[in-house]
Amino acid sequence: MPELPEVETIVRDLRPYLVGSRVEALVHLNPVVVRYPDPQNVAAGVEGHTVAWLGRRGKFIQIGLDSAQELVVHLGMSGTLTLELAAAPARTHTHLRLRLNSGSELRYRDPRRFGRVLLGTEGELEQAGVMPHLGVEPFDPDFAAGLAAEVLRTSRRPVKAVLLDQGVIAGCGNIYADEACFLARVRPGRRAWRLTAAERRRLLLALPIVMAEAIERRGTSFSDYRDGFGAKGQAFETLFVYGRGGRACVRCRSTLRQVRIAGRTTVFCGRCQS
DNA sequence: CCCCTATCCTGAGGGC
DNA sequence: TGCCCTCAGGATAGGG
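So this is what it looks like as structure tokens:
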């Protein structure tokens, strides 16, 4: 389940190897994962082009080409984007392979196929309706004072639902929503508009903190996530609540509760998060 | 408009 | 050992 910290780790891993590399050939492409445009145009759009820059927006990986187009990859639930030797055998569910002039291959693998690949200029992807409008980045200097604070102040939805809304906060998923709520001592099921100003402020400060910590540990490898080289991250070991339902709260030792909020498994401490 | 639920998909894990 | 059932969830479509 790659969220912002996992996607950021992948981008940082791949950047020095991809920028300046030329795409010799699109070796393999599963049309199912390519949402825009059609597969033939994707091949024509990447072959012979050089990677100019790598970026991230929310959970989307952007691979900028010298043509002004960008290859955009969303990893969904189980996607990985890894750099491998071109000679190494590709695993099953590898949907996209880009042969680079360095002798490596950039491989997109996604067993569950919840992810997707797009190609186009930024404006084109937006106009085609395949790139959703995303909210504010948690590492934006204005994060705690902007859109997210306003939506939290007024929304009748549960706090957790707001945190997961990509149109409000870009890049937050189930893991870091729960972690931020724990750190801020806010119950994830609370209606957002009922939070006090202090609680709201704690929550908005907590999110970039838990994400920065996860990036330092190279991401949470609960199941499928791997970094840009195929290795696991270490952040799962230091999570406070995610995946720990029924176990003891690290702060007060009471049993962590597990419920469903906004359709997602949610873990919190009934005592610490009043 | 707002919010919730069902859906897509495979692999892991539990029960028997 | 093996089979079957359930569950995990990001984004989106559709319903109330």
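Residue 909 is where the first sequence starts when you use the working numbering, and the numbers rise one by one after that.
All C-beta atoms, glycine included, are put in the ideal place defined by N, C-alpha and C.
Practice task
Round the Cβ separation of residue 954 and residue 934 to the nearest angstrom and send it over; I've been treating them as touching at under 8 Å.
Solution key: Here residue 954 is taken as the residue at index 46 of the first sequence, counted from 1. Here residue 934 is taken as the residue at index 26 of the first sequence, counted from 1. Yes, residue 954 and residue 934 are in contact; Cβ-Cβ is about 6 Å, under 8 Å.
Problem - Where residue 885 sits in the DSSP three-state scheme - result: Coverage of the chain is limited to positions 909 through 1182, which leaves residue 885 absent and any answer about it impossible.
Practice task
Would you kindly work out how many angstroms separate the C-alpha atoms of residue 1151 and residue 974, rounded to a whole number?
Solution key: Along the first sequence, read from residue 1 onward, the residue named residue 1151 stands at position 243. Along the first sequence, read from residue 1 onward, the residue named residue 974 stands at position 66. Their backbone Cα atoms lie some 42 Å apart in a straight line.
Exercise for the section: Return the first residue and the last residue of the beta strand (DSSP E) that residue 1169 is part of. Expected result: As a working mapping, residue 1169 is identified with position 261 in the first sequence. Segment 1165 to 1169, the beta strand (DSSP E) holding residue 1169.
Exercise for the section: With DSSP as the reference, please indicate the residues paired to residue 973 in a beta bridge. Expected result: Start at 1 with the first residue of the first sequence, and residue 973 comes out as number 65. Residue 973 is bridged to 959.
Practice task
Kindly indicate which residue of 1067, 988 and 1098 has the alpha-carbon position closest to the one of residue 1084.
Solution key: Along the first sequence, read from residue 1 onward, the residue named residue 1084 stands at position 176. When each option's Cα is compared against that of residue 1084, the closest is 1067.
Practice task
Return the first residue and the last residue of the beta strand (DSSP E) that residue 1084 is part of.
Solution key: Working through the first sequence from its first residue, we reach residue 1084 at position 176. Not the beta strand (DSSP E): residue 1084 falls in the alpha helix (DSSP H), residues 1082 to 1092.
Problem - Cut-off 7 Å between Cβ atoms - residues of its own chain near residue 1116, not counting five sequence neighbours on either side - result: Start at 1 with the first residue of the first sequence, and residue 1116 comes out as number 208. Cβ neighbours of residue 1116 beyond the five flanking positions: 1046, 1047 and 1051.
Problem - Proximity to residue 1013 [Cα-Cα], best of 929, 1107 and 1167 - result: The residue you call residue 1013 lines up with position 105 of the first sequence. For the residues 929, 1107 and 1167, the minimum Cα distance to residue 1013 belongs to 929.
Problem - Closest Cα partner of residue 1142 within the set 1126, 1149, 1132 and 1025 - result: For the purposes of this step, residue 1142 is identified with residue 234 of the first sequence, where counting begins at 1. It is 1126 whose Cα lies nearest to the Cα of residue 1142.
Handout entry: Own chain partners of residue 1020 with C-beta closer than 6 Å, once the 5 adjacent residues on each side are dropped
Key = Numbered from 1 along the first sequence, position 112 holds the residue referred to as residue 1020. Hits under 6 Å: 985 and 986.
Handout entry: Helix, strand or coil at residue 1042 according to DSSP, with G and I counted as helix
Key = Here residue 1042 refers to the residue found at position 134 of the first sequence. Three-state result, residue 1042: coil.
Handout entry: Bridge partners - residue 945, DSSP secondary structure assignment
Key = Start at 1 with the first residue of the first sequence, and residue 945 comes out as number 37. DSSP, once it has assigned bridges, lists no residue as partnering residue 945.
Problem - Same chain, Cβ closer than 7 Å to residue 1101, neighbours up to 5 away in sequence not counted - result: Position 193 of the first sequence, counted from the first residue, corresponds to residue 1101. Taken in chain order, the residues that qualify are 1061, 1062, 1063 and 1064.
Problem - CA nearest to the CA of residue 1091, picked from 1022, 1146, 992 and 1011 - result: As a working mapping, residue 1091 is identified with position 183 in the first sequence. Selected option, being the one with the closest Cα: 1146.
Handout entry: Inter-residue spacing [alpha-carbon to alpha-carbon] between residue 1170 and residue 916
Key = Translated into positions along the first sequence, residue 1170 becomes position 262. Translated into positions along the first sequence, residue 916 becomes position 8. Computed Cα separation, rounded: 25 Å.
Exercise for the section: Verify whether the separation of the beta carbon atoms of residue 998 and residue 1007 is less than 8 Å. Expected result: Within the first sequence, residue 998 is the residue found at index 90, counting from 1. Within the first sequence, residue 1007 is the residue found at index 99, counting from 1. No, these two residues do not count as a Cβ contact at 8 Å.
Handout entry: Bridge-paired residues (DSSP) for residue 992
Key = Residue mapping note: residue 992 aligns to position 84 of the first sequence, counting from 1. In DSSP, residue 992 forms a bridge with 1013.
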